[in-house]
Amino acid sequence: KEKSELKDFLHISDFDKATIMNILNRAAEVKALLKSGERTYLPFKGKTMAMIFAKPSMRTRVSFETGFSLLGGHAIYLGPDDIQMGKREETRDVARVLSRYNDIIMARVFAHQDILDLAKYSSVPVVNGLTDYNHPCQIMADALTMIEHIGQLEGTKVVYVGDGNNIVHSWLLLAAVIPFHFVCACPKGFEPDEKTVEKARQAGVSKIEITNDPKEAVRGADVVYSDVWASMGQKEEAAYRRQVFKGFQVDEALMKLAGPKAYFMHCLPAERGVEVTDGVIEAPNSIVFPQAENRMHAQNAIMLNLLGF
Ligand code: CP
Ligand code: NVA
Numbered sequence: 043k044e045k046s047e048l049k050d051f052l053h054i055s056d057f058d059k060a061t062i063m064n065i066l067n068r069a070a071e072v073k074a075l076l077k078s079g080e081r082t083y084l085p086f087k088g089k090t091m092a093m094i095f096a097k098p099s100m101r102t103r104v105s106f107e108t109g110f111s112l113l114g115g116h117a118i119y120l121g122p123d124d125i126q127m128g129k130r131e132e133t134r135d136v137a138r139v140l141s142r143y144n145d146i147i148m149a150r151v152f153a154h155q156d157i158l159d160l161a162k163y164s165s166v167p168v169v170n171g172l173t174d175y176n177h178p179c180q181i182m183a184d185a186l187t188m189i190e191h192i193g194q195l196e197g198t199k200v201v202y203v204g205d206g207n208n209i210v211h212s213w214l215l216l217a218a219v220i221p222f223h224f225v226c227a228c229p230k231g232f233e234p235d236e237k238t239v240e241k242a243r244q245a246g247v248s249k250i251e252i253t254n255d256p257k258e259a260v261r262g263a264d265v266v267y268s269d270v271w272a273s274m275g276q277k278e279e280a281a282y283r284r285q286v287f288k289g290f291q292v293d294e295a296l297m298k299l300a301g302p303k304a305y306f307m308h309c310l311p312a313e314r315g316v317e318v319t320d321g322v323i324e325a326p327n328s329i330v331f332p333q334a335e336n337r338m339h340a341q342n343a344i345m346l347n348l349l350g351f
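If you read the sequence shown in our numbering, its first letter stands for residue 43, the second for the next number, and so on.
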C-alpha cells in the first residue's frame, strides 16, 4: 500500500513526508473553517467512532469527541471499566465487534501490542491515542503548533528535557520523516528505546542527539519541550523519579540558556513545580494551550485522511 493510503494511524513514520505535510496543511485549513464559526462542513455525518480508553484522559477524549462531532459524526466513549480489553474480552474480539458498529476506532492503551492487535483485527481505521510506546496524535498537534508559531518545522531545533518516554518516541519517528534537529536530554538509564533511536538515525533525515546534559542541550533551541517524569502506569515510581530527575526541571534559568527565541511546549497534564516551574508554563513564550487546542485540529485531519476525505 502507498504510505498515503494506510488504513490506520499508529506511528508517524508509517507515513511519508508528503502525507504528513498534507495532513498538517489540512489541519490548518479545517481549523480556520471551524474557527470562523462555519458549521456546514460535515464529512463525518452518519459516521460513528468508538473511543477506547484503558487510561485516564482529558485532551484526547475531549478533542476526539468534540472534533468528530463538529464534523458531523458521533463518538462513543468507552472508559477503563467498560470493555476491559484483554481482560473481559480478547482484543481481537473487541476489534471485530467494534468494527461492525463503527466507521473508525480510537484507542488509548497500555501495551503497544494492544493497538497493533486492534488494528490487525479491525476492518475499520484505528487511531493511536497513546500507548506506553508512543503518542503520534500529540506530536502531529505539536508539529502544527510549531508551524503556526515559528513558520516551519523543517530545520528547527526541538529539545526535549525529561524522561525518554512515549512522547520522545513519537518525536523520533517524526524526525525519521521530516528534517529537523531533535535532542533528548534525559537522566542516565531513562533514554528512549534504542531501536527507535536507531530507526530515526537510519532514516538519515534529521539530526538526532541523546544526551544527559540539559544545560548544553537547550542552547539555541526553537522549542524546549517537557513531559511528566512519571507517566500513566508509573505513578508509584513518582517519588523515586523525582530524585533521579533532579536537574531536569525546565525552570527560568534553563529557558534563559535556551535563548530568547525558545518557545516552551508540554503535552500536558503538567505537574507544576516538578518537571516545569509555574513561571515557565505561564510565561509569554509558553504555547502549551495553543498546543492543546491543536490536538483537535490535527486529529480531525488525521481522521479525514483515514476516512478518505
Ligand atoms: N496530552 C494528552 O494526551 O492529554 P490527556 O492525557 O489528557 O489526553
Ligand atoms: N508520557 C505521558 C504523556 C501524557 C499525555 C504519559 O504517558 O502519561
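Glycine is no exception: its CB is placed at the ideal position from the N, C-alpha and C atoms.
The model shown is predicted, which means the values in this text are computed figures rather than measured ones.
- Jot down the residue ranges of each uninterrupted beta strand (DSSP E) in the stretch 70 to 148, minimum 3 residues, whole runs only, in chain order. 90 to 95, 116 to 120
- Query: Hey, how far is the Cα of Asn-170 from the Cα of Val-239?
  - Reply: On the sequence shown, position 128 is the one that residue 170 refers to. On the sequence shown, position 197 is the one that residue 239 refers to. C-alpha separation (whole angstroms): 20 Å.
- For Thr-61, which residues does DSSP report across the bridge? As a position in the sequence shown, residue 61 is number 19, starting the count at 1. Paired residue(s): none; Thr-61 is not in a bridge.
- Item | Asp-184: CB within 7 Å of a non-hydrogen atom of the ligand NVA | As a working note, residue 184 is residue 142 in the sequence shown. Result no, Cβ not under 7 Å from the ligand NVA.
- Task: Let me know if Ala-133 comes out buried or exposed under the rule of 16 or more other beta-carbons within 10 Å of its beta-carbon.
- Result: Taking the first residue of the sequence shown as position 1, residue 133 is located at position 91. As written in the sequence, residue 133 is Thr, which differs from the Ala given in the question. Buried: at least 16 other Cβ atoms inside 10 Å.
- State buried or exposed for Glu-317, treating a residue as buried only when at least 16 other CB atoms are found within 10 Å of its CB. Looking up residue 317 in the sequence shown gives position 275. Result: buried.
- Message: Helix, strand or coil, according to DSSP, for Cys-226 in the structure here?
- Response: Here the question's residue 226 lines up with position 184 in the sequence shown. Residue state, collapsed to three classes: strand.
- Cβ separation of Gly-114 and Lys-87, assumed to be a contact under 8 Å, to the nearest whole Å: Here residue 114 refers to the residue found at position 72 when the sequence shown is read from its first residue. Here residue 87 refers to the residue found at position 45 when the sequence shown is read from its first residue. Between Lys-87 and Gly-114 the Cβ distance is about 4 Å, and since that is below 8 Å, they are a contact.
- Query: Assuming Cys-228 and Asp-255 make a contact with CB atoms under 8 Å, what is their CB distance in whole Å?
  - Reply: Numbered from its first residue, the sequence shown carries residue 228 at position 186. Numbered from its first residue, the sequence shown carries residue 255 at position 213. Not quite, the Cβ-Cβ distance comes to about 10 Å (not below 8 Å), so this is no contact.
- Item | Pair within 8 Å by beta-carbon distance, Ser-46 and Asp-56 | Walking along the sequence shown from the start, residue 46 turns up at place 4. Walking along the sequence shown from the start, residue 56 turns up at place 14. Contact flag unset, no.
- According to DSSP, is Glu-233 helix, strand or coil? As a working note, residue 233 is residue 191 in the sequence shown. In this structure, Glu-233 counts as coil in the three-state DSSP scheme.
- Is the distance from the Cβ of Met-188 to the Cβ of Val-265 below 8 Å? Residue numbering aside, residue 188 sits at position 146 when the sequence shown is read from its first letter. Residue numbering aside, residue 265 sits at position 223 when the sequence shown is read from its first letter. Yes; because the gap between Cβ atoms is below 8 Å, this pair is in contact.
- Query: If Asn-144 sits next to Thr-90, beta carbons under 8 Å apart, how far is it from one beta carbon to the other, in whole angstroms?
  - Reply: Along the sequence shown, one-based indexing puts residue 144 at 102. Along the sequence shown, one-based indexing puts residue 90 at 48. The Cβ separation is near 5 Å, so the contact holds.
- Message: Could you check whether the Cβ of Arg-261 sits closer than 7 Å to any heavy atom belonging to the ligand CP?
- Response: For the purposes of this step, residue 261 is taken as the residue at position 219 of the sequence shown. False, no ligand heavy atom lies under 7 Å from that Cβ.
- Task: Please name the residue, chosen from Val-151, Ala-263, Lys-303, Arg-142, that lies closest to Lys-129 on a Cα-to-Cα basis.
- Result: Locating residue 129 in the sequence shown gives position 87, where the first residue counts as 1. Comparing Cα positions, the closest option is Val-151.
- Taking only the alpha-carbon atoms, compute the straight-line gap between Asp-123 and His-339 and give it to the nearest angstrom. If you number the sequence shown from 1, residue 123 lands on position 81. If you number the sequence shown from 1, residue 339 lands on position 297. Rounded to the nearest angstrom, the two C-alpha atoms are 28 Å apart.
- Task: Determine, using beta carbons only, whether Ser-376 and Asn-208 come nearer to each other than 8 Å.
- Result: Limits of the chain in this structure are 43 at one end and 351 at the other, which puts residue 376 out of reach.
- Taking all protein chains shown into account, do 16 or more other C-beta atoms lie within 10 angstroms of the C-beta of Met-148, making it buried, or fewer, making it exposed? Stepping through the sequence shown from its first residue, residue 148 is reached at position 106. Label assigned to Met-148: buried.
- Got a sec? Which residues, its chain only, sit under 6 Å from Val-225 by beta carbon, not counting five neighbours each side? If you number the sequence shown from 1, residue 225 lands on position 183. Taken in chain order, the residues that qualify are Val-201, Glu-251, Ala-259.
- Does DSSP put Tyr-175 in a helix, a strand or coil? Numbered from 1 along the sequence shown, position 133 holds the residue referred to as residue 175. Of the three classes helix, strand and coil, the one that applies to Tyr-175 here is coil, per DSSP.
- Taking the beta strand (DSSP E) that Lys-277 falls in, what are its first and last residues? Translated into the one-based positions of the sequence shown, residue 277 becomes position 235. No beta strand (DSSP E) contains Lys-277, which DSSP labels as neither H nor E.
- Any non-hydrogen atom of the ligand CP within 7 Å of Pro-234 CB: Translated into positions along the sequence shown, residue 234 becomes position 192. No, since every heavy atom of the ligand CP falls outside the 7 Å radius drawn around the Cβ of Pro-234.
- Hey, out of Ile-220, Leu-214, Arg-142, whose CA is closest to Gln-194's CA? The residue labelled residue 194 in the question sits at position 152 within the sequence shown. Of Ile-220, Leu-214, Arg-142, the residue nearest in Cα terms is Ile-220.
- Extent of the continuous alpha helix (DSSP H) run through His-154: Stepping through the sequence shown from its first residue, residue 154 is reached at position 112. First-last of the alpha helix (DSSP H) with His-154: 154 to 163.
- On the three-state DSSP scale, how would you describe Arg-284? In the sequence shown, residue 284 corresponds to position 242, counting from 1. Helix.
- Give me the Cα-Cα distance between Gly-321 and Ile-329, rounded to the nearest whole angstrom. Here residue 321 corresponds to residue number 279 of the sequence shown, with the count starting at 1. Here residue 329 corresponds to residue number 287 of the sequence shown, with the count starting at 1. Approximately 13 Å between the Cα atoms of the pair.
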